[in-house]
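Peer 1: One gets the working numbering by counting positions in the sequence shown from 1 and adding 5 to each.
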Amino acid sequence: MLAANPLCEADVTQEVLKVLISEADIQARVAELARQISKDYENSGELVMVGVLKGAFIFLADLSRQLTIPRVIEFIAVSSYGRGSRSSGAVRLVMDVRGNIEGKHVLIVEDIVDTGHTLEYLIGMINSHGPAVKTCALVRKADCAEVHVDLDYLGFDIPNEWVVGYGLDYAEKNRTLPYIGIITPAD
Ligand code: 5GP
């Protein structure tokens, strides 16, 4: 078991086989992304950060707290995968943003881009409100892309493995691990 932090052990269902991205590397990259985003939006007024539930909640929390520009937080929830790692097919909107995003600068904050269908759906949906939309993802499985989506900010490219931690789950567990690790789903 690689969950070094005893506070996290109660959230671990299955042995994390390998640490793929360490806590230190994640924190360093999040700081870099925050610097870049702050610079890019320096004179753009308020940025609406739309976190994609549930997986992006930790990334969004860390990223948003390091920005030096005015920002507000919104959440959106979609369903594309069922319990565990099995895909449930089409992307479905579960919860829309609550605030008014008409004409605003919006940054979609995603945990992971796999096939790209979820992000493609979200970009289309948010674009229909007419704002200037950009995208930010913590990790991307580059080899798994089925549709092309423009990513403006990316933390890491990763191999085609099931990853957990730093917000990412396996069957709702392992989200609070401070690092990103690889597990082999049982189903
Ligand atoms: P996509 O639509 O790009 O295929 O998938 C995006 C969604 O699939 C993510 O938001 C996430 O919920 C789920 N997903 C894809 N790969 C992984 C993975 O390795 N680990 C976890 N925890 N979720 C994943």
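For every residue, glycine included, the Cβ atom is placed at its ideal position computed from N, Cα and C.
(1) Using a threshold of 8 Å, is the CB atom of VAL96 nearer than that to any non-hydrogen atom of the ligand 5GP?
(2) If distances are taken between C-alpha atoms only, which option among GLU151, ASP116, LEU112 comes closest to ASN197?
(3) I'd like the list of long-range same chain contacts for VAL99, defined as Cβ closer than 7 Å, with 5 residues on each side in sequence excluded.
(4) The ligand 5GP and GLU20: does any heavy atom of the ligand fall closer than 8 Å to the residue's C-beta?
(5) With burial defined as no fewer than 16 other Cβ atoms inside 10 Å of the residue's Cβ, what is the status of ASP116: buried or exposed?
(6) Using the Cα positions of GLY160 and GLY108, report the straight-line distance between them to the nearest angstrom.
(7) Mind pulling the alpha helix (DSSP H) runs of 4 or more residues that sit fully within the region 100-132?
(8) Specify the secondary structure class of ARG76 as computed by DSSP and reduced to three states.
(9) Which same chain residues end up closer than 8 Å to ARG76 when comparing Cβ atoms and leaving out the 5 residues on each side of it in sequence?
(10) Name the two residues that bound the continuous beta strand (DSSP E) containing ILE159.
(11) Starting from the C-beta of ILE63, find all residues in its chain whose C-beta is less than 7 Å away, skip the five residues before and the five after it, and write them out in chain order.
(12) Let me know if GLY104 comes out buried or exposed under the rule of 16 or more other beta-carbons within 10 Å of its beta-carbon.
Peer 2: On the basis of the data shown:
(1) yes
(2) The chain is shown only over 6 to 192; residue 197 falls outside these bounds and no answer can be derived.
(3) ALA82, VAL83, SER84
(4) no
(5) buried
(6) 27 Å
(7) 122-132
(8) strand
(9) GLU51, LEU52, VAL53, MET54, SER69
(10) Just to set this straight, residue 159 is Leu in the shown sequence, not Ile. That run of the beta strand (DSSP E) goes 158-163.
(11) TYR171, GLY172
(12) exposed
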